[in-house]
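Protein chains in written order, with numbering that gives the first Met the number 0: chain A, 0 to 366; chain B, 0 to 366.
Glycine included, every Cβ here is placed at the ideal spot set by N, Cα and C.
Predicted model, so just to flag it, every value in this text is computed and none were measured.
For reference, the structure discussed in these notes is given below.
Protein chains: 2
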Amino acid sequence: MSHTQTNGLASRVQGQVHIIGAGLLGASIGLGLRSHGVEVTLEDASPTTVALAADYGAGRPRSDADPEPALVVIATPPDVVADVIERALTRFPDAVVTDVASIKLAPFQTLTERGIDLTNYVGSHPMAGRERGGAIMARADLFAARPWVICRDEETPAAALSLVESVALELGATPLEMTPQQHDRAVGLVSHLPQAVSSLLAARLLDASEQHIGLAGQGLRDTTRIASSDPELWVQILSANRSSVVEGLEALQLDLEALIGALRDPEKPGARRHIADLLAAGNRGVARIPGKHGSSERFTTLTVLIDDRPGQLAALLTELGDLGINMEDLRLEHSPGAQIGFAEIAVLPEVAERAISDLKERGWTTL
Amino acid sequence: MSHTQTNGLASRVQGQVHIIGAGLLGASIGLGLRSHGVEVTLEDASPTTVALAADYGAGRPRSDADPEPALVVIATPPDVVADVIERALTRFPDAVVTDVASIKLAPFQTLTERGIDLTNYVGSHPMAGRERGGAIMARADLFAARPWVICRDEETPAAALSLVESVALELGATPLEMTPQQHDRAVGLVSHLPQAVSSLLAARLLDASEQHIGLAGQGLRDTTRIASSDPELWVQILSANRSSVVEGLEALQLDLEALIGALRDPEKPGARRHIADLLAAGNRGVARIPGKHGSSERFTTLTVLIDDRPGQLAALLTELGDLGINMEDLRLEHSPGAQIGFAEIAVLPEVAERAISDLKERGWTTL
Chain A
0 MSHTQTNGLA SRVQGQVHII GAGLLGASIG LGLRSHGVEV TLEDASPTTV
50 ALAADYGAGR PRSDADPEPA LVVIATPPDV VADVIERALT RFPDAVVTDV
100 ASIKLAPFQT LTERGIDLTN YVGSHPMAGR ERGGAIMARA DLFAARPWVI
150 CRDEETPAAA LSLVESVALE LGATPLEMTP QQHDRAVGLV SHLPQAVSSL
200 LAARLLDASE QHIGLAGQGL RDTTRIASSD PELWVQILSA NRSSVVEGLE
250 ALQLDLEALI GALRDPEKPG ARRHIADLLA AGNRGVARIP GKHGSSERFT
300 TLTVLIDDRP GQLAALLTEL GDLGINMEDL RLEHSPGAQI GFAEIAVLPE
350 VAERAISDLK ERGWTTL
Chain B
0 MSHTQTNGLA SRVQGQVHII GAGLLGASIG LGLRSHGVEV TLEDASPTTV
50 ALAADYGAGR PRSDADPEPA LVVIATPPDV VADVIERALT RFPDAVVTDV
100 ASIKLAPFQT LTERGIDLTN YVGSHPMAGR ERGGAIMARA DLFAARPWVI
150 CRDEETPAAA LSLVESVALE LGATPLEMTP QQHDRAVGLV SHLPQAVSSL
200 LAARLLDASE QHIGLAGQGL RDTTRIASSD PELWVQILSA NRSSVVEGLE
250 ALQLDLEALI GALRDPEKPG ARRHIADLLA AGNRGVARIP GKHGSSERFT
300 TLTVLIDDRP GQLAALLTEL GDLGINMEDL RLEHSPGAQI GFAEIAVLPE
350 VAERAISDLK ERGWTTL
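Below, the structure is given as structure tokens:
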């Protein structure tokens, strides 16, 4: 099962790796590389954080006796990343320096404006994280099967690029090349804008009565889940990528104004049409999100009633396995106050009908 | 398993039930009541829809020989519901009349303004639906374990209230009493506002490049899932509940303006604090949503790496069952381009540690 256990083969990553910033991402990279036998040293503004990450097996504190590392990985909060990159390039002039901050353009521009030689710097961003941070949440497999954006330019030496790619591959991620501009626009749209909107929506629940919130269903849960993310980190991310985020928010603001205007007087000629157009644009937008495994294939969803007892869902999935039906996705839905739930199972359209009749035959209630 | 099969006991619902509007909700109510042996007649503006619903077993077309029904259930689109209620009250003066529209105040006000005697009318709203509508999607268990809001006033006869409650209970739902005002404010907040916001967010994806959308993760998927709902139906719902929806959208608009203002110049004194406050308000808002089964208990989430082969997830859940670990919730996460995924499993905090060590012992990779 594991993709990161030492398998006796030499690691793709040759030489020592020094990680600056031993929180969730830094410690996870350390854990992952250590499991491949790479020698990892750690550094953090907080000695406690270094000690904790070392205790978890993410590496050891760097000592004066250590040689210059082959690679420095900077995993500090985004608002100090440019300074830390600059210091690392001076301190380790022969090392390749990368960072894993979730914004790429602002640090790059800051360093360029300062006239820093960025030949040895290759920015990167693994698309991975958890709602809670810290070394204590670190895991070697955090990056498995995630995209890992790598930003090179014409001056990036092939060896430097390939060292950073090796780290991504060793940790099970999929390297993707983008410019800092492309990266920031992409995450501004697919990550930062949804975060801001989800937070704004969730904030509306603050003044609501318990009774009102009691009617909450899966729609509200899904749209507000990421609103529980860390405000301190997200202030930095949104601020650092403000041009892309503000552009998205302003476009949304125009649509929002139009929607409010149309809703204030839906009898006005064209108002209902305008509302329908906005909703239809949402339909088409969501249809563009690639499905599982990057495919845009559409699945048919079966809904199966399950009792809320241990083993019920396992029994259902075992049954599906026995029937030779591959489940493409699964979502559980619960109802307040009830002891039963639904499993929504996505399958290929061509097997849906057979799946339903076979499950019914075996006593399941499909809806 | 099934909660709606005829069990030989007499139904709580005595007398004939006539359903007007044989789409998803009407046909599902018919199917559910029929399975309890209740005599159900159907009517729809479209003869094809009636025939289809009848073919599915939701009831039979009403004939002139039928006696006056004990209950009329109106399941038409929201924008015609007031007219249909009015006609039903005239046509069947001794019947109790209910409707299942997702807005309750506007039809009630319309009928009151017309001076209609509403003694026999009890509005209701089952909190159930599917992303696709139509009799073809109908299911007897659509309402199982869902809240079913019932709107009574001082003049509602006890017998009328109790007949509508009987239908809700017979279909497995949980009746909840609210005034039309309370209902509309509640669904305005927990259902209509998230729908509007999700649609506005998803519309932002229309102009994005494939490359940008390729970085989409679970956050974007969750926040935009409901944006695939039917525009025609939602134009009616949002318009009919406009005062509550506009109130929510305007409050969100103020926060959005403040966020955009702060992001345009995050160096301005107080700007970062303002952004953090908005994000923190989102944290507190989302924390108010009740968890599974209406409880606000928090669970610990284990993340387990699973190969994308049929039977892998079933094997994991069977293992959990064998270990006596009750899964409180489950979410699958996939990565673009990869053949592995993660199962995020919520368990009670006190069993989390044991679950992790037991799973590891059995060869699973927990993260």
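By the rule that beta-carbons nearer than 8 Å mark a contact, B/Val196 touches chain A. Among the residues facing chain A, B/Ile225 is included, as its CB has a counterpart in that chain under 8 Å away. With its beta carbon less than 8 Å from one in chain B, A/Ile259 belongs to the interface.
Scanning its chain for C-beta atoms nearer than 7 Å, with the 5 sequence neighbours on each side dropped, one finds around B/Ala26 the residues Ala52, Tyr55, Ala57, Ala134 and Ala137, in chain order. By alpha-carbon distance to B/Gly114, the top candidate from B/Pro125, B/Leu88, B/Thr300 and B/Ala159 is B/Leu88.
Within its own chain, the residues whose Cβ lies closer than 6 Å to the Cβ of B/Trp147, once the five positions on either side in sequence are excluded, are Pro125, Ala167, Ala172 and Pro174, listed in chain order.
Taking 8 Å as the CB threshold, B/Thr75 stays off the interface with chain A.
Legend: CB atoms of the stretch 238-259 of chain B lying less than 8 Å from CB atoms of chain A belong to residues Ser238, Arg241, Val244, Val245, Gly247, Leu248, Glu249, Ala250, Leu251, Gln252, Asp254, Leu255, Glu256, Leu258 and Ile259.
With fewer than 16 other Cβ atoms from the protein chains shown falling within 10 Å of its own Cβ, A/Asp63 counts as exposed. Ranking A/Gln181, A/Ala127, A/Leu117 and A/Glu164 by CA distance to the CA of A/Thr155 puts A/Leu117 first. Chain order gives the chain A residues near B/Asp221 as Asp221, Thr222, Arg224 and Ile225, where near means a beta carbon separation below 8 Å. Note that the C-beta distance between A/Leu170 and A/Gly31 is below 8 Å.
Note that the C-beta distance between A/Arg86 and B/Ser238 is not below 8 Å. A contact between stretches requires three or more CB pairs, one per stretch, nearer than 8 Å, and the stretch 176-184 of chain A fails this requirement with the stretch 217-228 of chain A. One Cα belongs to A/Gln108, the other to B/Lys103, and the distance between them is close to 55 Å. Listed along chain A is no residue with a C-beta nearer than 8 Å to that of B/Ala64; the closest approach is about 34 Å. DSSP places A/Gly128 outside both helix and strand once states are collapsed to three, so it counts as coil. Distance between A/Ala351 and B/Ile236, taken at the CA atoms: about 31 Å.
Within the model, the alpha-carbon separation for B/Glu343 versus A/Leu331 is close to 12 Å. In the structure shown, A/Arg224 falls within a helical segment according to DSSP collapsed to helix, strand and coil. A/Ala342 carries a strand assignment under DSSP once its states are collapsed to helix, strand and coil. For A/Val79, the closest Cβ of chain B is not nearer than 8 Å. For B/Gln194, the CB contacts under 7 Å within the same chain, skipping 5 residues up- and downstream, are Ile225, Ser228 and Trp233 in chain order.
Any Cβ of chain B closer than 8 Å to the Cβ of A/Val346 would place that residue at the interface, and such an atom is absent. Within the stretch 182-195 of chain A, the residues whose Cβ lies closer than 9 Å to any Cβ of chain B are, in chain order, His182, Arg184, Ala185, Val186, Gly187, Leu188, Val189, Ser190, Leu192, Pro193, Gln194 and Ala195.
Looking at the DSSP output, A/Ile212 sits in no beta bridge, so it has no partner there.
Assignment of A/Val303 by DSSP, reduced to helix, strand and coil, places it in the strand class. Nearest neighbour of A/Glu231 by Cα position, chosen from B/Asp306, B/Val12 and B/Ala279, turns out to be B/Ala279.
The beta carbon of A/Leu366 lies closer than 6 Å to those of Thr302 in the same chain, with the five residues before and after it left out. In the DSSP annotation of this structure, the continuous segment of the alpha helix (DSSP H) that includes A/Leu253 starts and ends at Arg241 to Arg263. Excluding the 5 residues flanking it on each side, A/Val37 has same chain C-beta neighbours closer than 6 Å at Ser10, Val12 and Val16, in chain order. Contact note: A/His35 does not reach chain B at a C-beta cutoff of 7 Å; the least C-beta distance is about 15 Å. For B/Glu318, the secondary structure class from DSSP, reduced to helix, strand or coil, is helix. The C-beta of B/Arg138 comes closer than 8 Å to at least one C-beta of chain A.
Beyond the five residues adjoining it in sequence on each side, A/Thr364 comes within less than 6 Å, by CB distance, of Leu304 in the same chain, given in chain order. Residue-level contact check: B/Gly132 does not touch chain A, since none of the beta carbons of chain A fall below 8 Å from its beta carbon.
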